[in-house]
Ligand SMILES: Cc1ncc(COP(=O)(O)O)c(C=O)c1O
C-alpha cells in the first residue's frame, strides 16, 4: 500500500491540495493520518499506535475489527451481495423487528444511512402526518440546512424551525403560543446537563399540547444504558432516531415510531437508493447478538466510569478547574475554555491518545484496564505540560463557564438568562408575524 510510505505531514499536505476541509478535518485535527485500527487502537502512516478515546465520534460500539462483525460483513458481501432490485430483504425485516422490540417507541422501523438523514426523515414524517410545518428543536441533529443553526436559540422562517435551546420556559411558551402549528418537537438528549426527569418533563409537555415528540438518540440509543433514554430511561417518544454504533461503524441509521405515524413515509417523500444496502444490516444484527446478554454494556460502562473518574482526578491533582459529568459511555469534560481543552488534548495526543477536543469522550467495548491506564497516563502528561506553561485556575469550574460550554457545544441555555429570554420574546414575535426574512436564529445569543 503506497500511502503507508508517506509521512503523516506529507499526507496532510496532499489532503490540503486535493480534498476539503480546513476546519472540519485537515487543519484542526491532530497530526496523524490513520490507515488501520484494531479494537480502539489506530495505527498511523508512520507506524505510531494511538488510542481512540472518541469511539470514532461514537460510530464504534465494539471497536474496530470485532470478529463477529467482521464475520457478518464478510458473509454478507461474499454469500449474499450488497443490494438488490427490491428494497425489502430478510435482513431489513429482522432488524426492524429486533429494534422495535428493543425501543418502546417502535412499532415500525425504516432505515437510511446517517443521523442527519434519520432526523430529517423524522420531521418530514411528522409534517406529513400532522399537516403542520413548525418544528421546535434543541441540540445537534446533523448538517442539513434545517439543522444548522443548532447553537442559536431563535427562529428561521425559511425552514420553519424554532430552536428553544433546552430552555423549558422557552419550550412551554412556544407550545402555548403556537402548539396547533407545531408538527413536532425534536430533542437531542444531553444527559450530562439535564437529568432523566427533565427529559420526562419535556416529553409530558409535548403530550399535554398534543404535539409529537421525537427523541434524537443518534448517540444515546446504545450509550445511555443499553437501550437509550427511550428504552432504559423510559422516556416516552412518538419517534426515535438512532445511528451511531448500531452497526459498529457501518453506515446505517433508523427511525422508529408508531405504526400509524410511520405509514406517512410515502407522503413524506422519503427515498434513498442505498437505504436497502444489506451489509450494514448484517453488521447491525451481529451487534444486537453481541449486546443481547448485557455483558458488553456492563463492561463498557465499567471502563467508561474508570476513565471518567480518572480524568476528573487527573485534573484535580494537576490543579485545572473542570466539570466532568455524564453517562459512563459518553461523558463531558469541561475546562475553563475551548482553547485550554484543545491544548491539553493536543499534548495528550503526543503521548498516544486521541481525545475528543469538543469534550465528549466515548469508550468502546474494546477498552480494557490497559486502555484506560494508557488514556489516563497520556491525559495526565498532557495536562501537566499545559499547566506548566499556562495560567490555569484550580478548584470548581464557575457556573458561568459551564453555561458557556453548554451554549458553545450544543446550543444549551440551562439557565434562563436575560439575553435568552429576550431572544425568546423576539422569536415569539417573529413566528407570530409569519413574514419571511433572515430570522432570529441567524446569529448567536450574546451573553
Ligand atoms: C444526536 C445526533 N443527531 C444527529 C447526528 C448527525 O449524524 P450524522 O453525522 O451521522 O449525520 C449526530 C452526529 O453527531 C448526533 O450526535
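In the numbering used here, the protein residues as written are 9 to 455.
All C-beta atoms, glycine included, are put in the ideal place defined by N, C-alpha and C.
Since we're looking at a predicted model, the values are computed, not measured.
key: Cβ-based neighbour list, residue 360, same chain, cut-off 8 Å, excluding 5 preceding and 5 following   = Working through the chain shown from its first residue, we reach residue 360 at position 352. Within the same chain, and ignoring the five residues on either side of residue 360 in sequence, the residues whose Cβ sits closer than 8 Å to its Cβ are 56, 57, 58, 59, 382 and 386.
task = Mark residue 282 as exposed unless 16 or more other C-beta atoms lie within 10 angstroms of its C-beta, in which case mark it buried.
result = Position 274 of the chain shown, counted from the first residue, corresponds to residue 282. By the 10 Å Cβ count, residue 282 comes out exposed.
inquiry  = Using 8 Å for Cβ pairs, my map puts residue 367 next to residue 349. What's the rounded Cβ distance?
reply    = Here the question's residue 367 lines up with position 359 in the chain shown. Here the question's residue 349 lines up with position 341 in the chain shown. The distance from the Cβ of residue 367 to that of residue 349 is about 6 Å, consistent with a contact at the 8 Å cut-off.
query = What runs of the alpha helix (DSSP H), each 4 residues or longer, lie entirely inside the stretch 383 to 439?
reply = Those alpha helix (DSSP H) runs which fall completely within the stretch 383 to 439 and span 4+ residues are 407 to 418.
message = I need the straight-line Cα distance from residue 6 to residue 160, nearest angstrom please.
response = No statement about residue 6 is possible, as the shown extent of the chain runs from 9 to 455 and does not include it.
query = In whole angstroms, what is the alpha-carbon distance linking residue 298 and residue 416?
reply = What you label residue 298 is simply residue 290 of the chain shown in a count that begins at 1. What you label residue 416 is simply residue 408 of the chain shown in a count that begins at 1. Taking the straight line joining both Cα atoms gives about 36 Å.
inquiry  = According to DSSP, simplified to helix, strand and coil, what is residue 143?
reply    = The residue given as residue 143 occupies position 135 in the chain shown. DSSP places residue 143 in the strand class (E or B) of the three-state scheme.
request  = Enumerate in chain order the residues of its own chain whose CB-to-CB distance from residue 452 is below 6 Å, with the five nearest sequence positions on each side excluded.
outcome  = Position 444 of the chain shown, counted from the first residue, corresponds to residue 452. Excluding sequence neighbours, residue 452 sits near 160.
inquiry  = Can you determine whether any heavy atom of ligand 1 sits closer than 7 Å to the C-beta of residue 122, and answer yes or no?
reply    = Position 114 of the chain shown, counted from the start, is the residue given in the question as residue 122. Yes, the beta carbon of residue 122 sits closer than 7 Å to at least one heavy atom of ligand 1.
inquiry  = Can you confirm whether the stretch 391 to 410 touches the stretch 135 to 151 when touching is taken to mean that 3 or more C-beta pairs between the two stretches lie within less than 8 Å?
reply    = Using a C-beta cut-off of 8 Å, the stretch 135 to 151 makes no contact with the stretch 391 to 410, since fewer than three inter-stretch Cβ pairs fall below that distance.
ask   = Quick one: is residue 172 buried, meaning 16 or more other Cβ sit within 10 Å of its Cβ, or exposed?
value = On the chain shown, position 164 is the one that residue 172 refers to. Buried, by the Cβ-count rule.
ask   = Is the stretch 267 to 277 touching the stretch 303 to 319 in the sense that three or more CB pairs, one from each, lie closer than 8 Å?
value = No contact exists between the stretch 303 to 319 and the stretch 267 to 277.
task = With hydrogens ignored, establish whether the beta-carbon of residue 65 is closer than 7 Å to any heavy atom of ligand 1.
result = Here residue 65 is taken as the residue at index 57 of the chain shown, counted from 1. Yes, ligand 1 has a heavy atom inside 7 Å of this Cβ.
ask   = Does the Cβ-Cβ distance between residue 197 and residue 237 come in under 8 Å?
value = Within the chain shown, residue 197 is the residue found at index 189, counting from 1. Within the chain shown, residue 237 is the residue found at index 229, counting from 1. Yes. Within cutoff.
task = Give the straight-line distance between the Cα atoms of residue 370 and residue 261, rounded to the nearest whole angstrom.
result = The count along the chain shown starts at 1 and reaches residue 370 at position 362. The count along the chain shown starts at 1 and reaches residue 261 at position 253. Residue 370 and residue 261 have their C-alpha atoms spaced approximately 19 Å apart.
query = Taking buried to mean at least 16 other C-beta atoms within 10 Å of its own C-beta, is residue 427 buried or exposed?
reply = Taking the chain shown and counting its residues from 1, the one referred to as residue 427 is at position 419. The residue is exposed, with fewer than 16 neighbouring Cβ atoms inside 10 Å.
request  = In angstroms with no decimal places, state the Cα-to-Cα distance between residue 214 and residue 431.
outcome  = In the chain shown, residue 214 corresponds to position 206, counting from 1. In the chain shown, residue 431 corresponds to position 423, counting from 1. Residue 214 and residue 431 have their C-alpha atoms roughly 22 Å apart.
query = Taking 7 Å as the cut-off, is the CB of residue 227 close to at least one heavy atom of ligand 1?
reply = Along the chain shown, read from residue 1 onward, the residue named residue 227 stands at position 219. Here the distance from the Cβ of residue 227 to the nearest heavy atom of ligand 1 is below 7 Å.
Residue closest to residue 306, alpha-carbon to alpha-carbon, out of 13, 70 and 37 = Counting from one through the chain shown, the residue named residue 306 turns up at place 298. If we check each option's Cα against that of residue 306, 70 comes out closest.
task = Return the CA-CA distance between residue 181 and residue 433, expressed in angstroms with no decimal places.
result = Within the chain shown, numbered from 1, the residue matching residue 181 stands at position 173. Within the chain shown, numbered from 1, the residue matching residue 433 stands at position 425. Residue 181 and residue 433 have their C-alpha atoms some 9 Å from each other.
query = Expressed to the nearest angstrom, what Euclidean distance is found between the alpha-carbon atoms of residue 10 and residue 43?
reply = Along the chain shown, read from residue 1 onward, the residue named residue 10 stands at position 2. Along the chain shown, read from residue 1 onward, the residue named residue 43 stands at position 35. Bear in mind that the predicted position of residue 10 carries a pLDDT of just 41, short of 50, making it unreliable; the figure below should be weighed with that in mind. Taking the straight line joining both Cα atoms gives about 11 Å.
message = To the nearest angstrom, how far is the alpha carbon of residue 233 from that of residue 258?
response = Translated into the one-based positions of the chain shown, residue 233 becomes position 225. Translated into the one-based positions of the chain shown, residue 258 becomes position 250. Counting only the Cα atoms, residue 258 lies some 21 Å from residue 233.
ask   = For ligand 1, any of its heavy atoms closer than 7 Å to the Cβ of residue 251?
value = Your numbering for residue 251 matches position 243 in the chain shown. Residue 251 Cβ: within cutoff of ligand 1.
query = Mind checking whether the beta-carbon of residue 128 lies closer than 7 Å to any heavy atom of ligand 1?
reply = Translated into the one-based positions of the chain shown, residue 128 becomes position 120. False, no ligand heavy atom lies under 7 Å from that Cβ.
query = Going by alpha carbons, who is nearest to residue 93 out of 438, 280, 288 and 422?
reply = For the purposes of this step, residue 93 is taken as residue 85 along the chain shown, with counting starting at 1. Measuring from the Cα of residue 93, the nearest candidate turns out to be 280.
ask   = If you follow the alpha helix (DSSP H) that residue 194 is part of, which residue opens it and which one closes it?
value = Start at 1 with the first residue of the chain shown, and residue 194 comes out as number 186. From DSSP, residue 194 is part of no alpha helix (DSSP H) but of the beta strand (DSSP E) over 190 to 195.
Sub-8 Å separation of residue 224 and residue 194 beta-carbons = Locating residue 224 in the chain shown gives position 216, where the first residue counts as 1. Locating residue 194 in the chain shown gives position 186, where the first residue counts as 1. In this structure, residue 224 lies near residue 194, with their beta-carbon atoms less than 8 Å apart.
message = DSSP has residue 368 in a bridge; who is on the other side?
response = Here residue 368 refers to the residue found at position 360 when the chain shown is read from its first residue. When DSSP reads this structure, residue 368 sits in a beta bridge with 340.
query = What are the start and end residues of the beta strand (DSSP E) that includes residue 46?
reply = Within the chain shown, the letter at position 38 stands for residue 46. Residues 42 to 46.
task = Could you tell me whether the Cβ atoms of residue 190 and residue 210 are closer together than 8 Å?
result = Within the chain shown, numbered from 1, the residue matching residue 190 stands at position 182. Within the chain shown, numbered from 1, the residue matching residue 210 stands at position 202. In this structure, residue 210 does not lie closer than 8 Å to residue 190 by Cβ.
query = At what residues does the beta strand (DSSP E) containing residue 116 begin and finish?
reply = Position 108 of the chain shown holds residue 116. Counted as a single uninterrupted DSSP element, the beta strand (DSSP E) harbouring residue 116 occupies residues 116 to 120.
inquiry  = Can you find the residues in the same chain that come closer than 6 Å, C-beta to C-beta, to residue 538, ignoring five residues on each side of it along the sequence?
reply    = Any answer about residue 538 is impossible in this case: the structure gives the chain only from 9 up to 455.
ask   = Is the distance from the Cβ of residue 228 to the Cβ of residue 127 below 8 Å?
value = Residue mapping note: residue 228 aligns to position 220 of the chain shown, counting from 1. Residue mapping note: residue 127 aligns to position 119 of the chain shown, counting from 1. Cβ atoms of residue 228 and residue 127: not closer than 8 Å.
query = When the distance is taken between beta carbons, is residue 449 closer than 8 Å to residue 174?
reply = Walking along the chain shown from the start, residue 174 turns up at place 166. Walking along the chain shown from the start, residue 449 turns up at place 441. When the beta-carbon positions are compared, residue 174 and residue 449 stay at least 8 Å from each other.
query = Is the beta carbon of residue 290 sitting closer than 8 Å to the one on residue 132?
reply = Looking up residue 290 in the chain shown gives position 282. Looking up residue 132 in the chain shown gives position 124. Taking 8 Å as the Cβ cut-off, residue 290 and residue 132 do not qualify as a contacting pair.
message = What does the Cβ neighbour count give for residue 335, buried or exposed, with the cut at 16 atoms within 10 Å?
response = Sequence index remark: in the chain shown, residue 335 carries index 327 (1-based). Around the CB of residue 335, 16 or more other CB atoms lie within 10 Å, so the residue is classed as buried.
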